[in-house]
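Report on one structure; see the data block that follows.
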Amino acid sequence: MKTKGMVFVTVGSTLFDALVEAVCQPECLATLRKLGYTSLMIQLGKGNFIPGKSVGEAENIDIEYFTYKPNVAEYINSAALVISHAGSGSVFETLRAQRPLVVVVNTLLMDNHQSELADELAERKFLYTASPETLVDTLRTMRLDTLVPYQSTEPSALAGTLDQFLGFSPA
Amino acid sequence: MINEEDEPAVMRWWSILSLTLVVGFVVRLVTVWMFTGHPPVTAKGLRNQRPLKTLIVLGSGGHTAEILHIVEKMNFKNYSPRCYIAAVTDNHSLAKAKRLEEEKAGDDSKQCRYYRIYRSREVGQSYITSIGTTLFAMVHAFYLAFSIQPDLIICNGPGTCLPVCIAGLVLKVLGVRWVVMVYVESIARVRKLSLTGLLFYKLHLMDQFYVQWPKLQQNFPRAQYVGRLM
Numbered sequence: 005m006k007t008k009g010m011v012f013v014t015v016g017s018t019l020f021d022a023l024v025e026a027v028c029q030p031e032c033l034a035t036l037r038k039l040g041y042t043s044l045m046i047q048l049g050k051g052n053f054i055p056g057k058s059v060g061e062a063e064n065i066d067i068e069y070f071t072y073k074p075n076v077a078e079y080i081n082s083a084a085l086v087i088s089h090a091g092s093g094s095v096f097e098t099l100r101a102q103r104p105l106v107v108v109v110n111t112l113l114m115d116n117h118q119s120e121l122a123d124e125l126a127e128r129k130f131l132y133t134a135s136p137e138t139l140v141d142t143l144r145t146m147r148l149d150t151l152v153p154y155q156s157t158e159p160s161a162l163a164g165t166l167d168q169f170l171g172f173s174p175a
Numbered sequence: 017m018i019n020e021e022d023e024p025a026v027m028r029w030w031s032i033l034s035l036t037l038v039v040g041f042v043v044r045l046v047t048v049w050m051f052t053g054h055p056p057v058t059a060k061g062l063r064n065q066r067p068l069k070t071l072i073v074l075g076s077g078g079h080t081a082e083i084l085h086i087v088e089k090m091n092f093k094n095y096s097p098r099c100y101i102a103a104v105t106d107n108h109s110l111a112k113a114k115r116l117e118e119e120k121a122g123d124d125s126k127q128c129r130y131y132r133i134y135r136s137r138e139v140g141q142s143y144i145t146s147i148g149t150t151l152f153a154m155v156h157a158f159y160l161a162f163s164i165q166p167d168l169i170i171c172n173g174p175g176t177c178l179p180v181c182i183a184g185l186v187l188k189v190l191g192v193r194w195v196v197m198v199y200v201e202s203i204a205r206v207r208k209l210s211l212t213g214l215l216f217y218k219l220h221l222m223d224q225f226y227v228q229w230p231k232l233q234q235n236f237p238r239a240q241y242v243g244r245l246m
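Written as structure tokens, this is what we have:
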């Protein structure tokens, strides 16, 4: 079987145990292994759930974790897949690094504007969305090769509009 | 001995004076509102030659990342000197701004100023104590705004920028300085504005109001769609 490498799982600095628990379920680990991923690196954030090593060993997948690091760029860049909470920081850092991304929306949060963002980006095929309950299904059915590479509008568009408004000649 | 006509006369003068002040203030407020959103016209004509003293409000976390991304693309020749404000409790934003300045502006970055501002309300703070801290934050914001006297304020939420922008409005109304105010709604807002954004929009406080999603622009037509900036 072709191996694809590491999956980076992050809840940012938030509390979202449901995501970590969903990823560490035997069924989910088996699915990831079947897709060719060999290890997990998990940022636990403020969560209390600590994944047990033995779960990973049973499914032949390495599980490592840490609570929080301000800079996770190296993990994102070396990941073959990122499974993230819906916070815009983590989402856009992953998209800009052009890594395949599954966003898991925290269904327990009230007034969830985060899910609006995830849905909008999923509609444009930049990423896949799931909830902790549907994560396994999403992993099974996703086709990463159909994702569209993310592109932002250059912030210089805004800078240009502002220059014009203030009466500065274009650079 | 008191002249019987003196007291009413004094009272009359006082009431005329205070009425004039109130009317003057209201007229000035309405004028400022009418000119808000129109390009500032300089004495020399339409083309602006002078660089603008720019105050950038860093909102912490993702807000800081977004606004610095914009600052990175600005032509520093037009926006100079630059001042940065972050919340007292925010330990990372000013360092990030400093790093960006040193990389982009080099020696010029020495003109930059960095300030910390008290926040009106911390996450989880009770509403009763937040009345006191809000007042304190307002006074602090006024002190900073009056001592900096910026030509331009750029902010993108969250609540940290609210007292600063109110202070900016007061500078405008008092005629101390015409502060151009710019708000960029976060990319995380797709259909609805954030609370801070909604307040600024409804109060017509901003000269430029930018959003990053077309649907949001459709819902709030006075905003300008500038594309996804992240």
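Taken in order, these protein sequences are the chains called A and E. The opening residue of the first sequence carries number 5 in our numbering; numbering runs sequentially from there. The opening residue of the second sequence carries number 17 in our numbering; numbering runs sequentially from there. Note that beta-carbon positions come from the ideal geometry of N, C-alpha and C, so glycine has one too.
**Study point:** Assigned secondary structure, S125 of chain E (DSSP; H/G/I helix, E/B strand, else coil)
**Key:** Helix, per DSSP.
Practice item. Check the Cβ-Cβ distances between A239 of chain E and every residue of chain A, and say whether any is below 9 Å. Key: Taking CB atoms only, A239 of chain E has no neighbour in chain A less than 9 Å away.
Review point. Can you find a CB in chain E that lies within less than 9 Å of the CB of F70 of chain A?
Key: Judged by the 9 Å Cβ criterion, F70 of chain A is not in contact with chain E.
**Study point:** Sufficient close CB pairs (3 or more, under 8 Å) joining the segment 13-20 of chain A to the segment 43-58 of chain A
**Key:** Touching, yes, given that three or more Cβ pairs across the two stretches are closer than 8 Å.
Point to revise | Per-residue DSSP class, three states only, for A59 of chain E | key: Any reading at A59 of chain E needs caution, since the residue's pLDDT is 48, under 50, leaving its predicted position unreliable; the model's value is listed next. Shown here, A59 of chain E sits in coil according to DSSP, grouped into three states, outside any helix or strand.
Point to revise | Below-9 Å beta-carbon distance, Y56 of chain E vs any chain A residue | key: Before going on, a small fix: residue 56 of chain E reads as Pro here, not Tyr. For P56 of chain E, the nearest CB of chain A lies under 9 Å from its own CB, placing it at the interface with that chain.
Point to revise | Between the CA atoms of G122 of chain E and A113 of chain E - distance to the nearest angstrom | key: Rounded to the nearest angstrom, the gap between the Cα atoms of A113 of chain E and G122 of chain E is 13 Å.
Exercise for review: May I have the straight-line CA-CA distance separating V227 of chain E from F169 of chain A, to the nearest angstrom?
Suggested key: Answer to the nearest angstrom: the Cα atoms are 16 Å apart.
Review point. Any beta-carbon of chain A closer than 9 Å to the one on A59 of chain E?
Key: The predicted model places A59 of chain E with a pLDDT of 48, which falls under 50 and marks its position as unreliable, so this point remains unresolved.
Check your understanding: So what's D223 of chain E in DSSP terms, helix, strand or just coil?
Key -> When secondary structure is reduced to three states using DSSP, D223 of chain E falls in the coil class, being assigned neither helix nor strand.
Check your understanding: Can you tell which of A:A84, A:V107 and A:A26 has its C-alpha closest to the C-alpha of G9 of chain A?
Key -> Taking G9 of chain A as reference, the option from A:A84, A:V107 and A:A26 with the minimal CA-CA separation is A:A84.
Point to revise | Rounded straight-line distance, which links the Cα of V107 of chain A to that of I87 of chain A | key: In a straight line, the C-alpha of I87 of chain A is about 6 Å away from that of V107 of chain A.
**Study point:** Element boundaries [beta strand (DSSP E), containing V197 of chain E]
**Key:** Residue identity differs from the one stated: residue 197 of chain E is Met in this sequence, not Val. Per DSSP, M197 of chain E is one residue of the beta strand (DSSP E) stretching across V196 to V200.
Check your understanding: For M13 of chain E, does the count of other Cβ atoms within 10 angstroms reach 16, so buried, or fall short, so exposed?
Key -> The requested residue 13 of chain E is not part of the displayed model; chain E covers only 17 to 246.
Review point. So, is M197 of chain E buried or exposed, given that buried needs 16 or more other C-beta atoms within 10 angstroms?
Key: Under a 10 Å Cβ-count criterion, M197 of chain E is classified as buried, with 16 or more other Cβ atoms of the shown protein chains found around its own Cβ.
Practice item. Using the Cα positions of F12 of chain A and N81 of chain A, report the straight-line distance between them to the nearest angstrom. Key: Taking the CA atoms as reference points, F12 of chain A sits about 10 Å from N81 of chain A.
Check your understanding: For A25 of chain A, which residues of its own chain have a beta-carbon under 8 Å away from its beta-carbon, when the five flanking residues on both sides are left out?
Key -> Checking the displayed sequence, the identity of residue 25 of chain A turns out to be Glu instead of Ala. If we look at E25 of chain A and ignore the five residues flanking it on each side, its Cβ neighbours are F53 and P136.
Check your understanding: Which of helix, strand or coil does DSSP assign to C28 of chain A?
Key -> Three-state DSSP puts C28 of chain A in coil, outside helix and strand.
**Study point:** Limits of the unbroken beta strand (DSSP E) element including M10 of chain A
**Key:** G9 to T14 is the span of the beta strand (DSSP E), which, as asked, contains M10 of chain A.
Point to revise | Partners in chain A for S202 of chain E, counting only beta-carbon separations shorter than 9 Å | key: Those are S92, listed as they occur along chain A.
Exercise for review: Kindly list the residues whose CB is nearer than 7 Å to the CB of A4 of chain A, restricted to its own chain and excluding five residues on each side of it in sequence; keep chain order.
Suggested key: Nothing about residue 4 of chain A can be reported from this structure: the residues present for chain A run from 5 to 175 only.
Exercise for review: Reducing DSSP to helix, strand and coil, say where V108 of chain A ends up.
Suggested key: It is a strand residue.
Exercise for review: Kindly list the residues whose CB is nearer than 7 Å to the CB of V242 of chain E, restricted to its own chain and excluding five residues on each side of it in sequence; keep chain order.
Suggested key: Cβ neighbours of V242 of chain E beyond the five flanking positions: Y226 and Q228.
Practice item. Check S96 of chain E in the structure and name its three-state DSSP category. Key: Correct three-state label for S96 of chain E: strand.
Point to revise | Three-way DSSP call (helix, strand, coil) for D66 of chain A in this model | key: In the three-state scheme derived from DSSP, where H, G and I count as helix and E and B as strand, D66 of chain A is classed as strand.
Exercise for review: Counting only the same chain and skipping the five closest in sequence on each side, list residues whose C-beta sits under 8 Å from that of D66 of chain A.
Suggested key: Cβ within range, chain order: T42, S43, L44 and G60.
Point to revise | At least three beta-carbon pairs within less than 8 Å, the segment 64-73 of chain E to the segment 167-182 of chain E | key: Per the Cβ contact rule, the segment 64-73 of chain E is in contact with the segment 167-182 of chain E (3 or more Cβ pairs under 8 Å).
Exercise for review: Report the rounded CA-to-CA distance for M5 of chain A versus Q224 of chain E, giving the unit in angstroms.
Suggested key: The predicted model places M5 of chain A with a pLDDT of 45, which falls under 50 and marks its position as unreliable, so this point remains unresolved.
Check your understanding: Which stretch, first to last residue, makes up the alpha helix (DSSP H) that contains A101 of chain A?
Key -> From DSSP, A101 of chain A is part of no alpha helix (DSSP H); its letter is neither H nor E.
**Study point:** M197 of chain E at chain A interface by Cβ criterion, 9 Å
**Key:** For M197 of chain E, the answer is no, since every Cβ of chain A falls outside 9 Å of its Cβ.
Review point. Taking only runs of the beta strand (DSSP E) that begin and end inside the segment 104-160 of chain A, which ones reach a length of at least 3 residues, in chain order?
Key: Every unbroken stretch of the beta strand (DSSP E) spanning 3 or more residues and falling wholly within the segment 104-160 of chain A is given here in chain order: 105-108 and 132-134.
Check your understanding: By DSSP, does K69 of chain E sit in helix, in strand, or in coil?
Key -> Strand at K69 of chain E.
Review point. From G91 of chain A to L139 of chain A, what distance separates their C-alpha atoms?
Key: Approximately 17 Å, taken between the alpha carbons.
Review point. Does the Cβ of F236 of chain E have 16 or more other Cβ atoms within 10 Å, making it buried, or fewer, making it exposed?
Key: Its Cβ being crowded by 16 or more others within 10 Å, F236 of chain E is buried.
Point to revise | Cβ of R144 of chain A within 9 Å of any chain C Cβ | key: In the displayed structure, chain C is absent; the protein chains listed are A and E.
Point to revise | Host alpha helix (DSSP H) of V180 of chain E (start-end) | key: From DSSP, the alpha helix (DSSP H) with V180 of chain E extends over C177 to V189.
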